[in-house]
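Below: the structure, in structure tokens.
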Amino acid sequence: MTTDDASGLTDEFLAAREEELAGRVSPRRLEHIRGVAATAARLARAYGVDERKAYAAGLLHDWDKGYDDEGIRQRARDLGLEERLGPWLVEHMPQVLHAYTAAEALGRAFPEIPADVLRAIDRHTVAAEDMGPLDMVLYVADALEPGRRFGRIDELRAAEGEVGLEELFFLTYEYWVYLLLERRRLMHPDTIRIWNTYVARRASRKGSDRDRS
Ligand SMILES: [Fe+2]
Ligand SMILES: [Fe+2]
């Protein structure tokens, strides 16, 4: 059974998961996770998204980040995800798999986690063409949490609250695509499709802004 209801995300539930995380990931990763949870809650407040769901998504998004490459490949196979993800992705992009395995494993273990929280976790590495507000909040929070330092982060941080959530997501996504190119990393086959979708939506958004003014 799946739910969209956040009432199962009690303080006790979240505190217990946080305690378990300490045994699953490194102290440094746990700091990142706490930063993402706090940032996601702040973004949720600013953009009218359910704050408790955003906090939970932030807290749980890197649930499987403690595995090494071979470990996460095996976990994806064990969870039966290879068919959905395709063998190419499992073999060549182990760095993105923790999102899919976390959503699947958490959904099985904890039915009280709402379906939209699991979806946001599932999409936090590669994103998707139809990102919802909660998905965008987690994606942006993962990049903007206080421990992150990278070239344009100040520009992105300054945009928080100044631009709409979709624009903030677009700016964050743009930066990650740029980084993949700069670092000559593999790109997920969906990345170009997602990019094109948001470029087109942005162009029509700007067009309708112009029409109104
Ligand atoms: Fe992650
Ligand atoms: Fe993360």
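If you want the numbering used here, it's the 1-based position in the sequence shown plus 91. Ideal Cβ placement from N, Cα and C applies to all residues, glycine included.
I want to check one thing, is the minimum distance from the CB of Val268 to the heavy atoms of ligand 2 below 7 angstroms?
Indexing the sequence shown from 1 puts residue 268 at position 177. Val268 Cβ: outside cutoff for every heavy atom of ligand 2.
Looking at Asp213 and Ser95, is the spacing between their C-beta atoms short of 8 angstroms?
Translated into positions along the sequence shown, residue 95 becomes position 4. Translated into positions along the sequence shown, residue 213 becomes position 122. The sequence shown places Asp at residue 95, rather than the Ser named in the question. No; because the gap between Cβ atoms is not below 8 angstroms, this pair is not in contact.
Between the Cα of Ala200 and those of Gly223, Trp154, Val231, Ala218, spot the shortest distance and give me the residue it belongs to.
Numbered from 1 along the sequence shown, position 109 holds the residue referred to as residue 200. Checked all of Gly223, Trp154, Val231, Ala218; the closest Cα to Ala200 is Trp154.
For Val208, does the three-state DSSP call read helix, strand or coil?
Residue mapping note: residue 208 aligns to position 117 of the sequence shown, counting from 1. Helix, per DSSP.
Measuring straight from C-alpha to C-alpha, what distance separates Glu110 and Tyr146?
One-based indexing of the sequence shown puts residue 110 at position 19. One-based indexing of the sequence shown puts residue 146 at position 55. Whole-angstrom Cα-Cα distance: 15 angstroms.
In whole angstroms, what separates the C-alpha of Leu100 from that of Lys144?
Position 9 of the sequence shown holds residue 100. Position 53 of the sequence shown holds residue 144. In a straight line, the C-alpha of Leu100 is about 8 angstroms away from that of Lys144.
Tell me which residues share the same chain as Ile163 and place their Cβ nearer than 8 angstroms to its Cβ, disregarding the 5 neighbours each side in the sequence.
Along the sequence shown, read from residue 1 onward, the residue named residue 163 stands at position 72. Correct list, in chain order: Asp155, Pro185, Leu188, His189, Thr192.
Cβ-heavy atom distance between Thr216 and ligand 1 below 7 angstroms?
Translated into the one-based positions of the sequence shown, residue 216 becomes position 125. Under cutoff, so the answer is yes.
For Ile244, collect the residues of the same chain with a Cβ closer than 8 angstroms to its Cβ; drop the 5 residues on either side in sequence, then sort them by chain order.
Taking the sequence shown and counting its residues from 1, one reaches residue 244 at position 153. For Ile244, where only same-chain residues beyond five positions count, the Cβ hits under 8 angstroms are Ala234, Leu235.
Can you list the beta strand (DSSP E) stretches of 3 or more residues lying completely in the stretch 147 to 176, in chain order?
Listed in chain order, there is nothing to give.
Comparing the CB of Ala145 with every heavy atom of ligand 1, is any distance shorter than 7 angstroms?
Mapped onto the sequence shown, residue 145 falls at position 54. The answer is no for Ala145.
Secondary structure at Tyr259, three-state DSSP: helix, strand or coil?
Counting from 1 along the sequence shown, the entry for residue 259 is found at position 168. Note on residue identity: the sequence assigns Leu, not Tyr, to residue 259. Looking at Leu259 - three-state DSSP - the assignment turns out to be helix.
Is His279 near ligand 1, judged by its Cβ being under 7 angstroms from some heavy atom?
If you number the sequence shown from 1, residue 279 lands on position 188. Not under cutoff, so the answer is no.
Please write down, chain order preserved, every residue whose beta carbon lies under 6 angstroms from a heavy atom of ligand 2.
The set, ordered by position in the chain, is His123, Val127, His152, Asp153, Asp233.
With a CB to CB cut of under 7 angstroms and the five nearest residues on each side skipped, what residues in its chain are close to Glu220?
As a first step, residue 220 must be located in the sequence shown, where it is residue number 129. Correct list, in chain order: Arg284, Ile285, Thr288.
In whole angstroms, give me the CA-to-CA distance for Ala211 and Asp302.
Within the sequence shown, the letter at position 120 stands for residue 211. Within the sequence shown, the letter at position 211 stands for residue 302. Computed Cα separation, rounded: 33 angstroms.
Using beta-carbon positions only, say whether Leu256 and Pro224 come within less than 8 angstroms of one another.
Here the question's residue 256 lines up with position 165 in the sequence shown. Here the question's residue 224 lines up with position 133 in the sequence shown. Cβ distance < 8 angstroms, so Leu256 and Pro224 count as in contact.
Please confirm whether any heavy atom of ligand 1 lies closer than 7 angstroms to the CB of Ala307.
Past the boundaries of the shown model lies residue 307; the chain is included only from 92 to 304, so the question cannot be answered.
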